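Visitor:
Residue numbers (mature numbering (1 follows the signal peptide of the UniProt record, and there is no 0)): -20 to -1, 1 to 380.
Okay, here's the thing in structure tokens:
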């Protein structure tokens, strides 16, 4: 964070959001049935079609997504299985619908586009399965809030819990408690510490965060002409997906662009830290030509810092297609492009994996959706790919 716009915080603190993760703060923490609804205004009212046969099966993610090699590894080093391989047949869907199961969603943070799209993918797909979502909670990046949220969720006796831990260690005991009660747990992006795939949880589903970091590196390298000094604003937390993004960016720059030097690194612990970290970096390194920021919300702060410093010549790249960075890309601003997650399809995949577990089907421990490079040339097409709806009028106007 979501991102997840993991996202994650007080800890996240992604964050992650994509994040994730990721977006402007929305409301407080706690149990909110409409968590992230303000960001959902960017999505189509009825959402994309996850099933090729209307409201019936088979259910799968968007099969038009590119068949790209997935570079990310799972939290325990697992190779990724592509989310495009997941599918519920008509017969399987009928069995799930007959079960009248219940699900709950525990978000690290719901106030961004990444989280809203994940929720929409889960809501649309669970609706096709006749699975009722009995709770959707927003921890607002506070581990103690997420623990309390999940305790409340468990009182509702869900069959499924889809969640993204704010902090892998601090939330581990409550996720373990859910597993001990027979709840089928599907993790977004990161798993709780000490839990085992196939025993305590079904699977971890993420974007190809390493692949998106590689895409961001290529974008920034092109923007600075393949040479010069650049900085990195990374997520200073034990969150494996944001670590992958930064590692991928730095490895790609060092291995493929020998005339670009990473001369400054600054860590953030929250989504609102980007401006102060970027401001300090620009003051100390006035010759900086480019900047990588680990996701879109702190990147917005970095853009603000560059404007304040009179550095509108700075090139910036990030991860996650939030509205504000999308507008800057479309206008030809400092944000030159980004690697985008596909949060709606990630939500669809999470719902399918939960159904696999209910059916007793084997589930891979780590599943990922492909990476996507976004730039000014493909911004409108990319928006539709990510959010399964046409770009809003403000973005279309900016792209003219």
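For each residue, glycine too, the CB sits at the ideal point set by N, CA and C. Source: prediction; values computed, not measured.
Confirm, please, whether the CB-CB distance from residue 63 to residue 41 is below 7 Å.
Guide: Cβ atoms of residue 41 and residue 63: closer than 7 Å.
Visitor: From the DSSP output, in three-state form, read off residue 261 for me.
Guide: Here residue 261 sits in helix by DSSP.
Visitor: Where does residue 353 fall in DSSP's three states?
Guide: Here residue 353 sits in strand by DSSP.
Visitor: State the DSSP-derived secondary structure class of residue 278, mapped to helix, strand or coil.
Guide: Here residue 278 sits in helix by DSSP.
Visitor: In angstroms with no decimal places, state the Cα-to-Cα distance between residue -10 and residue 376.
Guide: A caution first: residue -10 carries a pLDDT of 37, below 50, which makes its placement in the model unreliable, though a value can still be read off. In a straight line, the C-alpha of residue -10 is about 35 Å away from that of residue 376.
Visitor: If you follow the alpha helix (DSSP H) that residue 303 is in, where does it begin and where does it stop?
Guide: Note, residue 303: alpha helix (DSSP H), 303 to 310.
Visitor: From which residue to which residue does the beta strand (DSSP E) around residue 72 run?
Guide: It is not in any beta strand (DSSP E) - residue 72 instead sits in the alpha helix (DSSP H) that spans 70 to 79.
Visitor: Could you check which residue in 269, 297, 277 has the C-alpha nearest to that of residue 92?
Guide: Taking only the C-alpha atoms, the option nearest residue 92 is 277.
Visitor: Would you mind listing the alpha helix (DSSP H) stretches within the region 110 to 146 that are 4+ residues and don't spill past its ends, in chain order?
Guide: The region 110 to 146 contains these whole alpha helix (DSSP H) runs: 123 to 135.
Visitor: Have a look at residue 368 and residue 329 and give me their C-alpha separation to the nearest angstrom.
Guide: Roughly 15 Å separates the two Cα atoms.
Visitor: Go ahead and label residue 263 buried or exposed: buried means 16 or more other beta carbons lie within 10 angstroms of its beta carbon, across all protein chains shown.
Guide: Looking at its Cβ environment, which holds fewer than 16 other Cβ atoms inside 10 Å, residue 263 is exposed.
Visitor: Whole angstroms is fine: what's the gap from residue 87's alpha carbon to residue 70's?
Guide: The straight-line gap from Cα to Cα measures roughly 30 Å.
Visitor: Taking the alpha carbon of residue 251 as the point to measure from, which residue in 310, 57, 52, 121 has its own alpha carbon closest?
Guide: Nearest of 310, 57, 52, 121 to residue 251, Cα basis: 121.
Visitor: Going along the chain, which unbroken runs of the alpha helix (DSSP H) with 4 or more residues stay wholly within the region 187 to 251?
Guide: For the region 187 to 251, whole alpha helix (DSSP H) runs of length 4 or above, ordered along the chain, are 189 to 203, 220 to 236.
Visitor: Contact between the region 327 to 345 and the region 96 to 105: three or more CB pairs below 8 Å?
Guide: Output reads yes: the region 96 to 105 touches the region 327 to 345.
Visitor: Pull up the distance between the alpha-carbon of residue 115 and that of residue 83, whole angstroms please.
Guide: Computed Cα separation, rounded: 7 Å.
Visitor: Across the region 307 to 324 and the region 351 to 370, are there enough close Cβ pairs to call them in contact, namely three or more that are closer than 8 Å?
Guide: Contact between the region 307 to 324 and the region 351 to 370 is present, because at least three Cβ pairs lie under 8 Å.
Visitor: So, at 6 Å on beta carbons, what are the nonlocal neighbours of residue 232 in its own chain, with the 5 sequence-adjacent residues on each side left out?
Guide: Within the same chain, residue 232 has close Cβ partners 194, 197.
Visitor: Is residue 353 a contact residue of the ligand ZN, with contact defined as CB to any heavy atom under 6 Å?
Guide: Ligands displayed in this structure: none; no statement on the ligand ZN is therefore possible.
Visitor: Looking only at DSSP bridge pairs, what is residue 84 linked to?
Guide: Paired residue(s): 115, 141.
Visitor: When you compare the CB positions of residue 339 and residue 112, do they come within less than 7 Å of one another, or not?
Guide: Result no, Cβ atoms of residue 339 and residue 112 do not sit closer than 7 Å.
Visitor: Going by other Cβ atoms of all chains shown within 10 Å of its Cβ, with 16 needed for buried, is residue 30 buried or exposed?
Guide: With a pLDDT of 39 at residue 30, under the threshold of 50, the modelled position of that residue is not reliable, and the figure given next carries that caveat. Counting Cβ neighbours within 10 Å, residue 30 comes out buried, since at least 16 surround it.
Visitor: DSSP has residue 298 in a bridge; who is on the other side?
Guide: The partner list for residue 298 (beta bridge, DSSP) reads 318.
Visitor: From this set, 378, 223, 95, which residue's C-alpha is nearest residue 313's C-alpha?
Guide: When each option's Cα is compared against that of residue 313, the closest is 378.
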